[in-house]
Structure formats: structure tokens, C-alpha cells
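In the numbering used here, the protein residues as written are 1 to 297.
Report on the structure given below.
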Amino acid sequence: MSQRPLVTARDLEGDDPVIPAGAILTPLARDLLRKRGVTPRVVGEAGGAVDPLVVANWKSHKTLGEARAFAARLRDGLARGRARVVICPPFTALACLAEALAGAAELGAQDLSPHGEGAHTGEVAARHLVDVGCRFVIVGHSERRHAGEEDALVRRKLRAALGAGLGPILCVGETAEERRAGRAEAVVSRQLEEALAGLEPARLAATVVAYEPRWAIGAGVTPTPAEVEAMLSHVRRALGRVAEAAAAARVPVLYGGSVNARNARELLSLPTCGGALVGGASLDPDALAAIAAGAER
Ligand code: PGA
Numbered sequence: 001m002s003q004r005p006l007v008t009a010r011d012l013e014g015d016d017p018v019i020p021a022g023a024i025l026t027p028l029a030r031d032l033l034r035k036r037g038v039t040p041r042v043v044g045e046a047g048g049a050v051d052p053l054v055v056a057n058w059k060s061h062k063t064l065g066e067a068r069a070f071a072a073r074l075r076d077g078l079a080r081g082r083a084r085v086v087i088c089p090p091f092t093a094l095a096c097l098a099e100a101l102a103g104a105a106e107l108g109a110q111d112l113s114p115h116g117e118g119a120h121t122g123e124v125a126a127r128h129l130v131d132v133g134c135r136f137v138i139v140g141h142s143e144r145r146h147a148g149e150e151d152a153l154v155r156r157k158l159r160a161a162l163g164a165g166l167g168p169i170l171c172v173g174e175t176a177e178e179r180r181a182g183r184a185e186a187v188v189s190r191q192l193e194e195a196l197a198g199l200e201p202a203r204l205a206a207t208v209v210a211y212e213p214r215w216a217i218g219a220g221v222t223p224t225p226a227e228v229e230a231m232l233s234h235v236r237r238a239l240g241r242v243a244e245a246a247a248a249a250r251v252p253v254l255y256g257g258s259v260n261a262r263n264a265r266e267l268l269s270l271p272t273c274g275g276a277l278v279g280g281a282s283l284d285p286d287a288l289a290a291i292a293a294g295a296e297r
């Protein structure tokens, strides 16, 4: 069965229709475009991804020299498998990695401005990320939420990313306290709803969601596989409520939080798991290559 996203005439309503990369248009959708004389914009590369995604979040680590050495080692170590590997370095290393990775892995950023280009000192706009070779951008990472970023801002950043053709990787997840209080599912539902409600189906299909329990990030502990599976299934159900079912079904849902070369295979082989968002372990090219190998199914 084809896993490529299907775009219907309804998805193309509006002045600026967008379709996910690799989409198949229904005959009615094609007719509609012909009649309107409109060429839809192709957004993101994530939409309809069936291959596991392994996203490396370097956070605030690595100089240019270190990034180059990493890329050389990763190029040697990465098996030509099905997993798509995305490196998200600090902004300063993006241009250098675009060259040094030489196609061995894709490029993403860790954050972006909610604004377009303009008088916004210190901000990096989506357009600049596209320009430097990014295909993805992390949005709403828990470390940014912890620093005060609220759902409304996450929503604006997600839209800025999609508007420029980037695939946003939307992070959601509960704190330890919220989990203890039995609120994990409600918190994750709210974060998804606030970020994604009202998004056109084609744009939703270009989005990736990463479930990252905040208490597992950088902590060396993960939920049990059964707990991860339960939350990833919850994310799937919640996506089905905020968006049209067909588009929601195309969104890859990743797990993140203390993924390493030892636990990756088990976590990544869970039926609902579309890949991993990896922090600390992704700084070591050998560990990242081993995680990507564990993602092969
Ligand atoms: P970690 O970080 O793998 O070091 O827990 C994950 C993340 O912050 O995305």
C-alpha cells in the first residue's frame, strides 16, 4: 500500500494551497487546481514519512571544528539504511554542517523566530534556515518552554516554519509533577491542541511530533516501553481529534528523552514509534550511528 500523503480538493481550499512533499493528488484535487490555475506550494519533507526519523539535538554544544570532526566520523559510520538522520546543531554550525555532512544526514535547527525577516535583533527567521539548507526545525522544546515559551508562541513558530517550507518537529511532554498528578495525557493533549488546531491538513501532514517527557530529558531514565507506547498512542488519538483523521495519521510521532545506543532498538521498535529525538547521546557520532541502526526495521 502506498504511504504517500493523499491530497483531496478540500485540502486545497484557501488562497495559498500547500501540499506535503511526495503527495498524491486525487483527480478532483488536480481538476480544481487546473480550473483555478494555481500551483500549490510544496512544504516540508516530513509529510508522509514512513522511514524512521532520528533527530540529533545538539543543544548548546560543539564548535565549528568539533562539528566538522563529527560530520567526518558520521559519514564513515552511518550505514546506508532506511532511517533519516537529521542533525540540529547550534545556529552557528548550520552552514558548516550543510557542507561537511555532504548528504549523509539532513539538517535542522533547534528553534526559529516567530517573525519573518525584519527588525528583530537576535532572531533567526525561517527563511534564513531554509537558505542555509535546513529541512526541519525543532519547535517548543521543553528547555525553551522551561525558559518561558508558552503554547501561543510555539503555535506562531510552528506556522512560521511551515510557511517557509520547513518541517517543524513539535515537542510535547509532561513534567514529573504533572505525571504524578495523573495529568500527563491532559497536558500533552493541550500542547498539541494549542499548537496544531486549525492547521490545514496538508500543513499538518508536513509536521512531526516528538513526545518528550520532561523528566526523562538528560536524566538517564526513560519511561518503560509500555509507558512510551501508551503515550505515543495517546498522541495519535489526540492528533486525530485536532485534525482530519487522514492528515493526522501521516504525522510521524517520535519519542525523545534519554535515548541512547543501548535502549534505542527497543524504543524504536514500538509499533507507534516513528523515530527518536536524541540529545546527549547524539553528540557522539558512533552512538548516533548505532541509534540510527537500531531504528532500522
Ligand atoms: P536527551 O535529550 O536525549 O539528552 O535526554 C533529548 C532532548 O532534549 O531532545
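Heads up, the beta-carbon is just placed ideally off N, CA and C, and yes, glycines get one too.
None of these values were measured; they are calculated from a predicted model.
Check: Contacting residues, own chain, Cβ-Cβ under 6 Å from Thr92 (five flanking each side not counted); Outcome: none
Check: Whole-angstrom distance between Met231 and Ala281, CA atom to CA atom; Outcome: 22 Å
Check: Under 9 Å between C-beta atoms of Glu99 and Arg84; Outcome: no
Check: Counted within 10 angstroms of its Cβ, other Cβ atoms place Glu212 as buried (16 or more) or exposed; Outcome: buried
Check: Within 9 Å, strictly: CB atoms of Ala295 and Gly279; Outcome: no
Check: Own chain residues within Cβ distance below 6 Å of Ala261, not counting five before or after; Outcome: Ala287, Ala290 and Ile291
Check: Span of the beta strand (DSSP E), counted from its first residue to its last, around Cys88; Outcome: Arg84 to Cys88
Check: Counted within 10 angstroms of its Cβ, other Cβ atoms place Leu28 as buried (16 or more) or exposed; Outcome: exposed
Check: Residue of Leu166, Val242, Pro52 and Ala205 minimising C-alpha distance to Ser113; Outcome: Leu166
Check: At least three beta-carbon pairs within less than 8 Å, the segment 122-139 to the segment 155-166; Outcome: yes
Check: Every unbroken beta strand (DSSP E) inside the segment 48-72 [3 residues or more]; Outcome: 53-57
Check: Contact set for Glu229: own chain, Cβ-Cβ below 8 Å, skip 5 residues either direction; Outcome: Leu270, Pro271, Thr272 and Cys273
Check: Counted within 10 angstroms of its Cβ, other Cβ atoms place Leu12 as buried (16 or more) or exposed; Outcome: buried
Check: Beta carbon of Val172 nearer than 9 Å to that of Val235; Outcome: yes
Check: Candidates Thr121, Ala160 and Cys134, of which the one nearest Val140 by Cα; Outcome: In the sequence on display, residue 140 carries Gly and not Val. The residue with the shortest Cα to Cα distance from Gly140 is Ala160.
Check: CB of Ala248 within 9 Å of CB of Leu283, strictly; Outcome: no
Check: Proximity test, Cys171 beta-carbon vs the ligand PGA heavy atom, cut-off 8 Å; Outcome: yes
Check: Opposing strand residues paired with Leu254 [DSSP bridges]; Outcome: Ala210
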